[in-house]
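J.: Here it is, the structure in full.
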Amino acid sequence: MKFAALGLDPRIQQAIEQCGYQEMTPVQEQAMVPARRGKDLLVNAQTGTGKTAAFALPVLQQLLDKPKDVVAGKARVLILTPTRELAEQLAETIGAYAEFLPTKITAIYGGVKMGGQANQLKAGVDILIATPGRLLEHVEMEHISLVDVEFVVLDEADRMLDMGFIKDAQKLVAQTANNRQTMLFSATTTPAMNELAHKILKSHQEIRVTKANITAETVDHVVYPVNESRKMDLFLTLLEEHNWYQILVFTSTRKQADHLFVRLKKAGIASAICHGDKGQGSRRRALADFKSAKIQVLLATEVAARGLDIEGLDYVLNYNLPYLPEDYVHRIGRTGRAGHSGHAISFVCPEEAHTLERIERVIGGQVKRVHKRGFETVERERPARKPVVENKKKRVQKPSHSADNKKSRANHGQPTKAKRKVKKITARAGGKDARKGKRN
C-alpha cells in the first residue's frame, strides 16, 4: 500500500516523498489507519520495521485536523522513550515529517542542564518527546502541565520496563487527559507488558508484526573495528588505498559532519555537507556536485539524506553507527539499488559494539569484520589485580625497632632510645632547678 492512498495532508505527503518513502511497511499498513481514527493500540513490532512513521504520521495528521495554538506550559502530544539517544533521534525523524508544518517539537532528556529545557517547556510545545525521569522532574517543578495532552505514545515500552522507568512513565501518563489516545509500542510480548497495556489503554487494538529484513542482497556489509579517535585517519587511509570515489558518509551529528568537512578540506579532498543546518539551496548544490562527480565525499546526517536518490552509488560509509537499527537499513539503502552491487562500510569503536549487535539482529546475520593493521582497537585499560603469591615472605621489621639494634647502638657507644629519653628528662629537670636558683 502506498502512502499516497492514506489521504494525508499535502504538506505531510511532500515530506514523506522527500524522505524517500513510497510503499508502507507491514506495521505502517496495519497501524496507521486505526491510529488515525483515534484508536488505542498495542503494537508488537521489532525495531527496524518503520514503527516511528506508524505513530508519528497519524498524530501529525490529527493535529492538523484539530488545529490549536501552542499554549504556554502545555503540550498536545507526549512521546516517552527510554534513552536520550532515542529521544534525539525521534525528534529529528519526526521533525523531518513535519518539515512543512508549523508544528513545534521539543526533546527533553537527562544529562544536560535543566534551565534551557525549562524555558522551552514554559513556552509551550505541540509534540513533547522525553525520557520519563527528566520529564517528571520538570513536571514536579511546574515547568509544564500534562493535563491537556491528547496523544500519548510509549516507544520501546519493553526497554522502559527492563530499565525500571515504567513507574515514572505511568505517573506521567496518569496526569494526561482522560480522553487521550494512547499507543504502546514494544518489541516483545510479556505478562508485564500486557499488564501495563491493561492499565493505560482503553478498548485497544492489538497489532503484531513479524520482522521483515529489507536489506538488499546486492549490498556487501563490512565492519572496520577502530577506536573513535582513529576513525578519520582510517578513512583517509582507505580512501587512498581503495580509490573510493562518490562515497556517501553518514555521521550521527551535524557538528561531526562539519568537523569531518574541515579535516577533508585540509587533506585536499573535495567534499560537501548535507544536513539540517544547511539551506535547501545549499543541499541541492551539494547533491548536484556529488552526482556530477565534482566532489568525492558527501557528508550527511540520516534524516537530511533520506530523500537522496543517487543512481549507481557504490559506497556508503557509517562513520558512526546509527542508534536505531532501522536507520542503518535506511542508510545502506542508498547503495545496491536496482540489482547493482554496493558496499556498506561501518567504522565501529568498542563503545558501539552493543549497537552493532542490535543491527545484526535486525538484518539477520553477522557483518564481516576487517581488522586493518595499525588501527587495532585498544580497550580501556583496567588496573591489574596484584598476583596472588603463595608462601609470601613476612615483612622484615625495620632495624631501628629491633632488640639487636639496641644492643648494636649500645656496643658502639650510641645512646639507645630509652637512654636518650632519660637524658632529656634530666636536662629539663636541671634547667628547672637552675631557674629556681636564679629566682632565689
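In this note's numbering, the protein residues as written are -6 to 433. Each residue gets a CB set at the ideal place from its N, CA and C atoms; glycine is no exception.
1) Can you check which of these residues, Ala185, Asp161, Gly0, Lys258, is closest to Arg127 by C-alpha distance?
2) Just to confirm the assignment, what range does the beta strand (DSSP E) spanning Phe48 have?
3) Check Ala216 in the structure and name its three-state DSSP category.
4) What three-state label does DSSP hand His136 in the structure shown?
5) Could you check what DSSP says for Phe93 in three-state terms: helix, strand or coil?
6) Is Arg278 near the ligand COA, with its Cβ less than 7 Å from a heavy atom?
7) Taking Leu35 and Ala190 to be in contact with their CB atoms under 8 Å, please state how far apart those CB atoms are, rounded to whole angstroms.
8) Using only the alpha-carbon positions, how far apart do His136 and Gln239 sit?
9) What is the residue span of the alpha helix (DSSP H) that Gly108 lies within?
10) Have a look at Lys259, Ser285, Lys248 and flag the residue whose alpha-carbon is nearest the alpha-carbon of Asp270.
11) Taking the straight line between their C-alpha atoms, what separation do you get for Val322 and Thr328?
12) Starting from the C-beta of Ala80, find all residues in its chain whose C-beta is less than 7 Å away, skip the five residues before and the five after it, and write them out in chain order.
13) One question on the structure: do Gln21 and Gly43 come within less than 8 Å of each other, judged by their Cβ atoms?
14) Using DSSP's beta-bridge definition, name the partner residues of Leu1.
15) Is it the case that the region 208 to 226 contacts the region 339 to 346, given that we only count it when at least three CB pairs across the two stretches are under 8 Å?
16) Helix, strand or coil for Glu304 per DSSP?
17) Thinking C-alpha only, which one of Ser245, Thr246, Ile72, Gly305 is nearest Val142?
18) Quick one: give me the first and last residue of the beta strand (DSSP E) that Arg201 is part of.
19) Answer yes if the region 334 to 341 comes into contact with the region 272 to 284, meaning at least three C-beta pairs across the two stretches below 8 Å, and no otherwise.
20) In three-state DSSP terms, what is Arg174?
21) Who are Ser179's beta bridge partners in DSSP?
22) Count the CB pairs spanning the region 145 to 156 and the region 109 to 121 that are closer than 8 Å, and state whether there are at least three.
23) Specify the secondary structure class of Phe144 as computed by DSSP and reduced to three states.
24) Do Asp33 and Thr175 come within 8 Å of each other at the CB atom, strictly closer than that value?
25) Under a three-way DSSP split, which group does Ala286 fall into?
26) Going by DSSP, which residues form a beta bridge with Ile120?
27) Can you name the residues that DSSP bridges to Ile338?
28) Could you tell me how far apart the beta carbons of Lys192 and Gln168 are, in whole angstroms, since I believe they sit closer than 8 Å?
29) If you count every other CB in all the chains shown that lies within 10 Å of the CB of Arg362, and 16 or more means buried, which is it?
30) Considering Cα atoms alone, identify which of Phe158, Ala265, Ala293 is closest to Ala286.
31) Tell me, which residues are paired with Glu451 by DSSP?
32) Per DSSP, what kind of secondary structure is Arg223 in: helix, strand or coil?
T.: On the basis of the supplied data:
1) It is Asp161.
2) For Phe48, no beta strand (DSSP E) run applies; the uninterrupted alpha helix (DSSP H) run containing it begins and ends at 44 to 58, by DSSP.
3) The sequence as given places Val at residue 216; Ala does not occur at that position. Val216: strand per DSSP, three-state reduction.
4) Coil at His136, not helix or strand.
5) The answer is coil: DSSP assigns Phe93 none of H, G, I, E or B.
6) For the structure depicted, the ligand COA is absent and the ligand set is empty, with no information on it obtainable.
7) Right, the Cβ-Cβ distance comes to about 5 Å (below 8 Å), so this counts as a contact.
8) Their backbone Cα atoms lie some 48 Å apart in a straight line.
9) DSSP places Gly108 in the uninterrupted alpha helix (DSSP H) bounded by 107 to 116.
10) When each option's Cα is compared against that of Asp270, the closest is Lys248.
11) In a straight line, the C-alpha of Val322 is about 11 Å away from that of Thr328.
12) Excluding sequence neighbours, Ala80 sits near Thr74, Ala100, Tyr102, Ile122, Ala123, Thr124.
13) Closer than 8 Å, so yes.
14) Looking at the DSSP output, Leu1 shares a beta bridge with no other residue.
15) Flag = yes, the region 339 to 346 and the region 208 to 226 touch.
16) In the structure shown, Glu304 adopts coil according to DSSP, grouped into three states.
17) Cα-wise, what sits closest to Val142 is Ile72.
18) Where Arg201 is concerned, the enclosing beta strand (DSSP E) stretches over 198 to 201.
19) Too few Cβ pairs lie closer than 8 Å, so no.
20) A small correction: the amino acid at residue 174 is Gln; Arg does not occupy that position in the sequence shown. Annotated three-state conformation of Gln174 is strand, per DSSP.
21) In the DSSP output, where bridge partners are listed per residue, Ser179 has Asn37.
22) With a cut-off of 8 Å, the region 109 to 121 and the region 145 to 156 do not count as touching, because too few Cβ pairs lie within range.
23) Phe144 falls in the strand class under three-state DSSP.
24) For Thr175 and Asp33, yes; Cβs fall inside 8 Å.
25) In the structure shown, Ala286 sits in coil (DSSP, three-state: anything other than H, G, I, E or B).
26) According to DSSP, Ile120 bridges with Val70, Ile98.
27) DSSP output for Ile338 lists Val215, Leu310 as bridge partner(s).
28) The C-beta distance from Lys192 to Gln168 rounds to 14 Å, too long to meet the 8 Å contact threshold.
29) Exposed, by the Cβ-count rule.
30) Nearest of Phe158, Ala265, Ala293 to Ala286, Cα basis: Ala265.
31) Given a span of -6 to 433 for the chain in the structure shown, any question on residue 451 remains unanswerable.
32) It is helical.
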